Amino acid sequence: MNEPREFFLPRGVNLAYRPVMHKLIGSRYSEPPDEFWSRLYEKLAVPQSNIFPMVTPVDQETIRAYFNAGILVVHPERGLLRRWPPCFEVLCCDSVLKEMSVRDRRKQIFLHQAALTGAILTHLDRSEMMELPEVYNYPLFLHQQMPARLRPVSLDSLVTLRYDILFADPSWGEELRDSSQILQWFKQRFPAKR
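Sequential numbering of the sequence shown, starting at 1171, is according to my numbering.
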């Protein structure tokens, strides 16, 4: 893995992030927000002017800002991460959002990231945020779903990656055609069970 140089945030930048991997419960930027996101924006008092587009890495959808909780670089003194739990509590206690989460399990699963998004959009200006390059938080567990042009030639070119539940799959390494040192390291420590 390579040095995370972008973790040294430039002056004025208080958050470096990656977008969520898929649209899933996200809201297409080209359409009005659905009832879930409208309710979230209302309950957390997210200013409309703070909502901006981002592109999901795996399915390449342009969505309203929806941040991946898998990697965040922050200046602790800004207190962003302390604002996340109260936002989550507001959303969890809202009867309308509870009902939506019962109807759509994905909303229940990803409510924590939606709350993170609300905390960010109510606390920081867009100018204080920086999207990290694709070599950060690379989803190894979604490698086959990534557009071919976004797959690294070698995993050794990455800075950070996510494997989530990848090693639970008995054949996890079979489709990876890569001679990288990091992949060999993973294969030694988490051998596929054929």
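Built from N, CA and C at the ideal position, the CB exists for glycine as well. Computed from a predicted model, the values in this text were never measured in an experiment.
Taking C-beta separations shorter than 8 Å and ignoring five residues to either side along the sequence, the partners of residue 1272 in its chain run 1278, following chain order.
If you ignore the 5 residues before and after residue 1195, its C-beta comes within less than 6 Å of the C-beta of 1276, 1277, 1280, all in its own chain and listed in chain order.
Closest in C-alpha terms to residue 1293, from the list 1189, 1260, 1217, 1179, comes 1217. Here DSSP, grouped into helix, strand and coil, assigns residue 1223 to strand. Cβ contact annotation for residue 1346 (same chain, cutoff 7 Å, sequence separation greater than five): 1313, 1353, in chain order.
Put simply, the backbone Cα of residue 1310 is about 10 Å away from that of residue 1342. Note on residue 1225: under 16 other CB atoms within 10 angstroms of its CB, so exposed under the neighbour-count rule. The three-state secondary structure of residue 1186, taken from DSSP, is strand. Residue environment analysis places residue 1318 among the exposed positions, since fewer than 16 neighbouring C-beta atoms fall within 10 angstroms of its C-beta.
Residue 1315 places its beta carbon 9 Å or farther from that of residue 1204. With respect to the 9 Å criterion, residue 1299 and residue 1215 are not classified as neighbours on the basis of their beta carbons. Taking residue 1285 as the centre and dropping the five residues before and after it, the same chain places the C-beta of 1254, 1257, 1258, 1261 closer than 7 Å to its C-beta, in chain order. Residue pairing by DSSP places residue 1291 in no beta bridge whatsoever. Per DSSP, the beta-bridge partners of residue 1299 are 1185.
For residue 1243, the three-state secondary structure derived from DSSP is strand.
In the displayed model, residue 1180 falls within coil according to three-state DSSP, outside both helix and strand.
With 16 or more other Cβ atoms from the protein chains shown falling within 10 Å of its own Cβ, residue 1207 counts as buried. Taking C-beta separations shorter than 6 Å and ignoring five residues to either side along the sequence, the partners of residue 1174 in its chain run 1329, following chain order. Residue 1188 places its beta carbon less than 9 Å from that of residue 1302.
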